[in-house]
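Novice: I have a structure I would like to understand better, so I am pasting it below and will then ask my questions one at a time.
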Amino acid sequence: MSEQLTIDNFQQALNLHVAEKGAEIRAKYGPYIGWNQLLEILADRACVRYPCEISFEAAPLRPGELAHPVSQGERPESGFVICVQPLFLRQLEQVPALVLYQLVLVNYGPFASADDAETFGGSALGLSKDEYYDTLCRMAGMLEDGSRNAELGFPPSEAGSAAWSGK
3 MSEQLTIDNF QQALNLHVAE KGAEIRAKYG PYIGWNQLLE ILADRACVRY PCEISFEAAP
63 LRPGELAHPV SQGERPESGF VICVQPLFLR QLEQVPALVL YQLVLVNYGP FASADDAETF
123 GGSALGLSKD EYYDTLCRMA GMLEDGSRNA ELGFPPSEAG SAAWSGK
């Protein structure tokens, strides 16, 4: 008698898979993953299934959102632009943590959960899931602080719009 695959089984299997993929990225590109390593990862189809580029623009993002992949067409093969808050243009060392989280959506689409993204990103960066989550929360706090500065009349950072390609 064959065992029926349940949603829980699928979610556990996907989470184990993304942990393994994150560990593979760390083994190949780590132990430190900075901006240059991130660009190499984006170009590696064994790591990222579809072409991706990074753009530092907030317009496609929802309020409070740090980054998000935007499809370039109807099919994933058309590629994605991972939009990142412009605040991080001058903090490129922070960008890998943001982009790695989004790569789970690029690679697995709507099947991926926040838990999968945290598992993948933490594994790729050599952090526990909790440490990685705390890192993302600190970055969200930086975004909040920037919003508060704008509300108080302080000028926004000098971050413009720029893009890098991992094609």
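Be aware that the sequence shown starts at 3, since it is given in this note's numbering, and climbs by one per residue. Built from N, CA and C at the ideal position, the CB exists for glycine as well.
1) By how many angstroms is the C-alpha of L145 removed from the C-alpha of I43?
2) Would the beta-carbon of G123 fall within 8 Å of that of Y110?
3) Which partner residues of E82 appear in the DSSP bridge assignment?
4) Quick one: any contact between the stretch 63 to 71 and the stretch 29 to 41, if contact means 3 or more CB pairs under 8 Å?
5) Enumerate in chain order the residues of its own chain whose CB-to-CB distance from C49 is below 6 Å, with the five nearest sequence positions on each side excluded.
6) Helix or strand or just coil, what does DSSP make of I35?
7) Alpha carbons only, please: which of S73, V101, A126 is nearest the one belonging to V86?
8) Where does C49 sit, in a helix, a strand or coil, going by DSSP?
9) Use the C-beta contact count for T121: other C-beta atoms within 10 angstroms, 16 or more gives buried, fewer gives exposed.
Specialist: Let me lay it out:
1) Locating residue 43 in the sequence shown gives position 41, where the first residue counts as 1. Locating residue 145 in the sequence shown gives position 143, where the first residue counts as 1. Near 25 Å, if we compare the C-alpha coordinates of L145 and I43.
2) The sequence position of residue 123 within the sequence shown is 121, counting from 1. The sequence position of residue 110 within the sequence shown is 108, counting from 1. No, Cβ-Cβ distance for G123 and Y110 is not below 8 Å.
3) Locating residue 82 in the sequence shown gives position 80, counting from the first residue. A small correction: the amino acid at residue 82 is Phe; Glu does not occupy that position in the sequence shown. F82 is bridged to C54, S73.
4) no
5) Translated into positions along the sequence shown, residue 49 becomes position 47. I27, I43.
6) Here the question's residue 35 lines up with position 33 in the sequence shown. In the structure shown, I35 sits in coil (DSSP, three-state: anything other than H, G, I, E or B).
7) Locating residue 86 in the sequence shown gives position 84, counting from the first residue. Measuring from the Cα of V86, the nearest candidate turns out to be V101.
8) The residue you call residue 49 lines up with position 47 of the sequence shown. If DSSP states are grouped into helix, strand and coil, C49 belongs with coil.
9) On the sequence shown, residue 121 is found 119 positions in, with the first residue counted as 1. The residue in question, T121, is buried, as its Cβ has 16 or more Cβ neighbours within 10 Å.
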